[in-house]
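Trainee: Okay, here's the structure, questions in a sec.
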Amino acid sequence: MQSSRLSSTLPLFFGSGLVAIVDGSLQAVVAGPSILAATISFNLIGAWLVCAIIALAIIFAARMPQGNSHWQDSTFGIGLLIGSLPLLHSVIPYPYAHVVFSGLLLVAVFIKPLKSPSLKVCGASSMLLAIFIVSSVFVQHDLPVHPLATTNVGEHQAVDGPDVILISVDTLRADAVYDQPQLNLELPALNKLRQRSLWADYALSSSNQTLPGHVGMLSGLSATSHGVRSNRDFPDPTIDLAADYFARAQYQTSAVISNALLSSATGMHRGFNNFSDEAIGLARLAMISEDYLARHSWLSMVLQSSRSNRLYRTLYYRHKFQAASLAEHCTDIALAQLDAAYATEQPLFQFIHFMDPHTNYAPPTSARGTISAPLATQVNPKYLSSVTAEISVAMVRELQESIKKHADADAYLAAKYYQQVYLEEVIEVDHQLQRIVDKLDASGRDYVLLLTADHGEQFAEHGLMDHANSLYEENIRVPFLLSGKGVSAGHIEGIPQLCDVLPTLLSYANIDYDISAFDGQAVSAVISMRPHVAVDQKEIAVRDMHDRKWIGSWQQNGDLPVGIKLFDSSHNESDNYLSEDQPLASELSKLIDYYFENDTYAERQSNAKTSAAQQAALNSLGYADQEDDR
261 MQSSRLSSTL PLFFGSGLVA IVDGSLQAVV AGPSILAATI SFNLIGAWLV CAIIALAIIF
321 AARMPQGNSH WQDSTFGIGL LIGSLPLLHS VIPYPYAHVV FSGLLLVAVF IKPLKSPSLK
381 VCGASSMLLA IFIVSSVFVQ HDLPVHPLAT TNVGEHQAVD GPDVILISVD TLRADAVYDQ
441 PQLNLELPAL NKLRQRSLWA DYALSSSNQT LPGHVGMLSG LSATSHGVRS NRDFPDPTID
501 LAADYFARAQ YQTSAVISNA LLSSATGMHR GFNNFSDEAI GLARLAMISE DYLARHSWLS
561 MVLQSSRSNR LYRTLYYRHK FQAASLAEHC TDIALAQLDA AYATEQPLFQ FIHFMDPHTN
621 YAPPTSARGT ISAPLATQVN PKYLSSVTAE ISVAMVRELQ ESIKKHADAD AYLAAKYYQQ
681 VYLEEVIEVD HQLQRIVDKL DASGRDYVLL LTADHGEQFA EHGLMDHANS LYEENIRVPF
741 LLSGKGVSAG HIEGIPQLCD VLPTLLSYAN IDYDISAFDG QAVSAVISMR PHVAVDQKEI
801 AVRDMHDRKW IGSWQQNGDL PVGIKLFDSS HNESDNYLSE DQPLASELSK LIDYYFENDT
861 YAERQSNAKT SAAQQAALNS LGYADQEDDR
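Last residue of the sequence shown: number 890 in my numbering, and the count goes up by one each step with no gaps.
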């Protein structure tokens, strides 16, 4: 009796399996063929879990038609519909997809069921699909990779220049690259690099976020010139980036990307003929899951997106990320690119991006606890579930709320601990940096290396955590270390800016360029004081040549920003000198007018919008529901 009922459910599984195969194949068309087996398997698992619940109800039902072909046809139709609901979700807005689903369900069960294949066909096919699901979990799947960008190099002659290596460490504060003996923090690679570098105490970023910070770094333009204020904006494709300049000079161009916001989702792959985003396989897979699987799988509909992403990666791509840190993966790829480049005499421009130490703070076991262990046991459990827990974006934001509401000792202690775990990620970056420098030195080729960052990070300064919520110095001061052929080591007198990176690299590569195309300049040992501007989605910060820093709020009607703060930026920004009774210094007032009048945001973003892939990248980084309550 039970076996008869069990066999009668086979059309249910077969029907849902057919649609899951179609749906998974469509995903592969959108996201790339490398994920075909994984997405079909993931869809099958979700659909069959739902079918299993229905099958159990059928098996244990008190009454059920026996030997009824209409019933068999109905279960086949129900299976087709179960498999199709995620597909309906992707093309029909909620809740209309459920209305259509309910109508089709009535037709399939009571009005005119589709003819089901025989039980033998359903059983044999379902068995093959089950074998496929199990085997797909044990097969090593390749990560989806980005198709190589093509670059028109024109008629320019090749230059006899050095290899040029630009390393950007996401979220690296300027003060995080020094040993801190009181914490037992040692950074030998950064120390050795500084000794052979032209270096500054800090450089000034144009932003507190990844995308605009890197656009400024790679374009040589200021924040108001390139028109990108936040991670939700889209870089103007008419702006040449570093790889475009080097490619036109007949350089090989390669990149290793470890943040989804620097991928094709935002067009930042332009100009590279070897562009690897395998290092962000986790993030890229999360992008696929958020942007497509979330609408095409029962598992993603039932589970939270973060859980479905984690399950998807664990089932099919765990072998890629079992032992090594993200920084190590990034370095492995970078070294492989160097090996390939060294096969020719043509010089190389390489951009290496480390996502560490961006949240989530999750240093490898070799670094975790090396400096934070003494403090770990003192942290209130509501801020740290265990001494090995990954510190997520959500935890950082919850801590900030506690600091704002209570400002108690426990919250500030937790912030101190979070910063120490952050520094343990810097330790891992330091280790990987040494591997890269060793490779460059062993090559025997001339090279120039510049290490910097897109923005910094806050740890309870001004009562804030994270970075995309203020333009305080902790967020816009980044490292600047320049070494290699033609570079005289020493301390820079003055303050470089992130828009100086590209003209500096072009100068040391002996590539001619039009200085008027940039807001930045080639960095030398002495830099005269210059004004500086940084922006984000809510504020603009203008600094004059006397370290006066004015922060204003953008106005939705397009009027001149309204001043809210005035600091002496050479100090800790604790005293707000802005007063209605005291006018701004003439020099500062003129700078504010200048940057406002020359701001290109409205022009460059007039037809731009956050793409689905860009939104998925934001989601994968935990920015989907980020609020800015300034």
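Every residue, glycine too, gets a C-beta built ideally from N, C-alpha and C.
Remember, predicted model here, so these are calculated numbers, not experimental data.
My guess is that Val490 and Ile517 are in contact by the Cβ rule of under 8 Å, so how many angstroms apart are they, rounded?
Mentor: By one-based count along the sequence shown, residue 490 stands at place 230. By one-based count along the sequence shown, residue 517 stands at place 257. The sequence given here has Ser at residue 490, not Val. Not a contact, Cβ separation roughly 19 Å.
Trainee: Can Phe302 and Gly277 be called in contact, C-beta distance under 9 Å?
Mentor: One-based indexing of the sequence shown puts residue 302 at position 42. One-based indexing of the sequence shown puts residue 277 at position 17. It is not a contact, given that the beta carbons lie outside the stated cut-off.
Trainee: Out of curiosity, what's the CA-to-CA distance linking Ser813 and Asp828?
Mentor: Along the sequence shown, one-based indexing puts residue 813 at 553. Along the sequence shown, one-based indexing puts residue 828 at 568. Ser813 and Asp828: Cα-Cα distance of roughly 18 Å.
Trainee: With a threshold of 8 Å, are at least 3 pairs of Cβ atoms found where one atom belongs to the stretch 428-444 and the other to the stretch 702-713?
Mentor: Yes, they touch.
Trainee: Look up Leu731 in the DSSP assignment and say whether it is helix, strand or coil.
Mentor: As a working mapping, residue 731 is identified with position 471 in the sequence shown. The answer is coil: DSSP assigns Leu731 none of H, G, I, E or B.
Trainee: Identify, in the order they occur along the chain, each residue of the same chain with its Cβ nearer than 6 Å to the Cβ of Phe506, setting aside the five sequence neighbours on each side.
Mentor: On the sequence shown, position 246 is the one that residue 506 refers to. These residues qualify, in order along the chain: Thr513, Phe609.
Trainee: Does DSSP put Gly716 in a helix, a strand or coil?
Mentor: On the sequence shown, residue 716 is found 456 positions in, with the first residue counted as 1. It is coil, neither helix nor strand.
Trainee: Check each candidate in Cys311, Ser560, Ala460 and name the one with the smallest Cα separation from Pro346.
Mentor: In the sequence shown, counting from the first residue as 1, residue 346 sits at position 86. Comparing Cα positions, the closest option is Ser560.
Trainee: Whose C-beta lies closer than 8 Å to the C-beta of Ala322 among residues of the same chain, with five residues either side of it excluded?
Mentor: Looking up residue 322 in the sequence shown gives position 62. The pLDDT assigned to Ala322 is 49, lower than 50, so where the model puts this residue is not dependable; a value taken from the coordinates is nonetheless given after this. Counting only Cβ-Cβ distances below 8 Å, and skipping sequence neighbours, we find nothing.
Trainee: Considering only residues of the stretch 667-711, which uninterrupted alpha helix (DSSP H) runs meet the minimum length of 4 residues and lie entirely inside it, listed in chain order?
Mentor: Here the runs fully enclosed are 669-703.
Trainee: Going by DSSP, name the residue or residues bridged to Gln610.
Mentor: Taking the sequence shown and counting its residues from 1, one reaches residue 610 at position 350. Gln610 pairs with Ile425, Ser514.
Trainee: For Pro271 and Phe320, which I take to be in contact (beta-carbon distance under 8 Å), what is that distance rounded to the nearest angstrom?
Mentor: Against the sequence shown, residue 271 aligns to sequence position 11. Against the sequence shown, residue 320 aligns to sequence position 60. The Cβ separation is near 18 Å, so there is no contact.
Trainee: How long is the line joining the alpha carbons of Asp774 and Ala483, rounded to whole angstroms?
Mentor: Indexing the sequence shown from 1 puts residue 774 at position 514. Indexing the sequence shown from 1 puts residue 483 at position 223. Approximately 19 Å, taken between the alpha carbons.
Trainee: Inspect the beta-carbon positions of Ile687 and Leu595 and report whether they are closer than 9 Å.
Mentor: Here the question's residue 687 lines up with position 427 in the sequence shown. Here the question's residue 595 lines up with position 335 in the sequence shown. In this structure, Leu595 does not lie closer than 9 Å to Ile687 by Cβ.
Trainee: Do Gly253 and Phe494 have their C-beta atoms within less than 9 Å of each other?
Mentor: Only positions 261 to 890 of the chain appear in the structure, and residue 253 is not among them; the question remains open.
Trainee: What residue range does the beta strand (DSSP E) around Arg790 cover?
Mentor: Residue 790 sits at position 530 when you count from the first residue of the sequence shown. That residue, Arg790, is in no beta strand (DSSP E); it is neither H nor E in DSSP.
Trainee: Using a threshold of 8 Å, is the CB atom of Gly473 nearer than that to any non-hydrogen atom of the ligand COA?
Mentor: Of the ligands one can find in the structure shown there are none, so the ligand COA has no counterpart to examine.
Trainee: Where does the unbroken alpha helix (DSSP H) through Leu820 begin, and where does it stop?
Mentor: Sequence index remark: in the sequence shown, residue 820 carries index 560 (1-based). From DSSP, Leu820 is part of no alpha helix (DSSP H); its letter is neither H nor E.
Trainee: Determine, using beta-carbon pairs with one atom in the stretch 459-477 and one in the stretch 643-657, whether at least three such pairs fall under 8 Å.
Mentor: Too few Cβ pairs lie closer than 8 Å, so no.
Trainee: What's the call for Ala280, buried or exposed, on a 16-neighbour Cβ count within 10 Å?
Mentor: Looking up residue 280 in the sequence shown gives position 20. It counts as buried.
Trainee: Can you tell me which of Gln816, Pro821, Glu685, Glu733 puts its alpha carbon nearest to the alpha carbon of Ser834?
Mentor: What you label residue 834 is simply residue 574 of the sequence shown in a count that begins at 1. Per the Cα distances, Glu733.
Trainee: Between Asn534 and Asp853, what straight-line distance do the alpha-carbon atoms span, to the nearest angstrom?
Mentor: Taking the sequence shown and counting its residues from 1, the one referred to as residue 534 is at position 274. Taking the sequence shown and counting its residues from 1, the one referred to as residue 853 is at position 593. Approximately 42 Å, taken between the alpha carbons.
Trainee: Where do the ends of the alpha helix (DSSP H) carrying Phe302 lie?
Mentor: The residue given as residue 302 occupies position 42 in the sequence shown. Segment 296-319, the alpha helix (DSSP H) holding Phe302.
Trainee: Look up Val413 in the DSSP assignment and say whether it is helix, strand or coil.
Mentor: Working through the sequence shown from its first residue, we reach residue 413 at position 153. For Val413, the predicted structure reports a pLDDT of 42, less than 50, and the residue's modelled location is therefore unreliable. A value from the coordinates is still provided. DSSP places Val413 in coil when its eight states are reduced to three.
Trainee: Can you tell me whether DSSP reads Glu658 as helix, strand or coil?
Mentor: The residue given as residue 658 occupies position 398 in the sequence shown. Glu658: helix per DSSP, three-state reduction.
Trainee: Can you tell me whether Ser743 is buried or exposed, with buried defined as 16 or more other CB within 10 angstroms of its CB?
Mentor: Along the sequence shown, read from residue 1 onward, the residue named residue 743 stands at position 483. Burial call: buried.
Trainee: Start and end of the alpha helix (DSSP H) containing Arg454?
Mentor: If you number the sequence shown from 1, residue 454 lands on position 194. Where Arg454 is concerned, the enclosing alpha helix (DSSP H) stretches over 448-455.
Trainee: What residue range does the beta strand (DSSP E) around Gly754 cover?
Mentor: Taking the sequence shown and counting its residues from 1, the one referred to as residue 754 is at position 494. Careful: Gly754 lies outside any beta strand (DSSP E) and carries neither H nor E.
Trainee: Alpha carbon to alpha carbon, what distance is there between Asp804 and Ser846?
Mentor: Your numbering for residue 846 matches position 586 in the sequence shown. Your numbering for residue 804 matches position 544 in the sequence shown. Spanning the two alpha carbons is a distance of roughly 10 Å.
Trainee: So, under 8 Å CB-CB, Ala674 and Asn640 are touching, yes? Tell me the CB distance rounded to an integer number of Å.
Mentor: Taking the sequence shown and counting its residues from 1, one reaches residue 674 at position 414. Taking the sequence shown and counting its residues from 1, one reaches residue 640 at position 380. With 8 Å as the limit, Ala674 and Asn640 qualify as a contact, their Cβ atoms being about 6 Å apart.
Trainee: Decide if Pro756 is buried, meaning its Cβ has at least 16 other Cβ atoms within 10 Å, or exposed.
Mentor: On the sequence shown, residue 756 is found 496 positions in, with the first residue counted as 1. Pro756 is buried by the Cβ-count criterion.
Trainee: Who does Tyr937 pair with in a DSSP beta bridge?
Mentor: Coverage of the chain is limited to positions 261 through 890, which leaves residue 937 absent and any answer about it impossible.
Trainee: Would you mind reading off the limits of the alpha helix (DSSP H) that contains Val394?
Mentor: The residue you call residue 394 lines up with position 134 of the sequence shown. Element bounds for Val394: 379-398.
Trainee: Is the number of C-beta pairs between the stretch 721-730 and the stretch 654-669 that are closer than 8 Å three or more?
Mentor: Yes, they touch.
Trainee: Can you name the residues that DSSP bridges to Ile811?
Mentor: As a first step, residue 811 must be located in the sequence shown, where it is residue number 551. Looking at the DSSP assignment, Ile811 forms a beta bridge with Ala801, Lys825.
Trainee: Ordered along the chain, which non-local residues of its own chain (more than five positions away) have a Cβ less than 8 Å from that of Asp796?
Mentor: Position 536 of the sequence shown holds residue 796. Closer than 8 Å at the Cβ level, and outside the excluded window around Asp796, lie Ser467, Asn468, Gln469, Pro472, Arg489, Ser490, Ala728, Leu731.
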